[in-house]
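Position 4 of the sequence shown, counted from 1, bears residue number 239 in our numbering, the numbering being contiguous throughout.
Quick notes on the structure that follows.
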Amino acid sequence: HDGESELENKKILKKEGKRILYKSQDKEYFMVLAIEGKQFPSEKFSQTIDQMMTSGYSNLTFVIGGSLGLSPEVKKRGNLLMSFGQLTLPHQLMKLVLVEQIYRAFMIQQGSPYHK
């Protein structure tokens, strides 16, 4: 039965991946959150967002996987695979952490002491 559930999980990932990629656009910077992604401090995250905004991308999209993760196709589409560490967090909590880090990135760009 484990083989069946593994096959079912792969089908689910593939279906979710197709839905995510269907909504993506060429001029969109895809930042994919994945455990195996690159980790960097808030200052570097801020620099990355700043560089993306001045590189001709019209949108920045963050992709957070579900409980099964993300399909290989979505990860391949990512301009950057980013990780917040080895922890597995509930989806809603990860969204909150991500929003706070985006806010922190913009505060760093403005020279605000918020991020310290």
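All C-beta atoms, glycine included, are put in the ideal place defined by N, C-alpha and C.
Residue nearest to residue i in terms of C-alpha spacing, selected from the options
i, options, result
"K279", "Y349, K310 and Q344", "Q344"
"E308", "G320, S259 and F319", "S259"
"G301", "G252, E243 and M317", "G252"
"Q274", "G304, F319 and T289", "F319"
Whole-angstrom distance between residue j and residue i, CA atom to CA atom
i, j, result
"M287", "L295", "8 Å"
"H326", "Q336", "15 Å"
"P348", "M342", "8 Å"
"Y257", "L324", "26 Å"
"E271", "L322", "11 Å"
"I284", "A340", "8 Å"
"S240", "D261", "34 Å"
"E243", "L303", "11 Å"
"L315", "K330", "18 Å"
"G346", "K246", "46 Å"
Buried or exposed (CB count within 10 angstroms, at least 16 for buried), residue i
i, result
"G291", "exposed"
"T289", "exposed"
"G313", "buried"
Nonlocal neighbours in the same chain, by C-beta distance under 7 Å from residue i, ignoring five residues either side
i, result
"L249", "It is worth fixing the name first, because residue 249 is Lys in this sequence and not Leu. Only S306 meet the Cβ criterion."
Neighbourhood of residue i by C-beta, 8 Å cutoff - its chain only, sequence neighbours within 5 removed
i, result
"E263", "Y292, S293, N294, L295 and T296"
"V298", "I255, F265, M266, V267, L268, L305, V309 and G313"
### Task
Return the chain-ordered ranges of every alpha helix (DSSP H) run that is complete within the region 278 to 328 and spans a minimum of 4 residues.
Runs found: 307 to 312.
### Task
Starting from the N-terminal side, write out each stretch of the beta strand (DSSP E) that is 3 residues or longer and does not extend beyond the region 239 to 274.
Along the length of the region 239 to 274, whole beta strand (DSSP E) runs at least 3 residues long occupy 263 to 273, reported in chain order.
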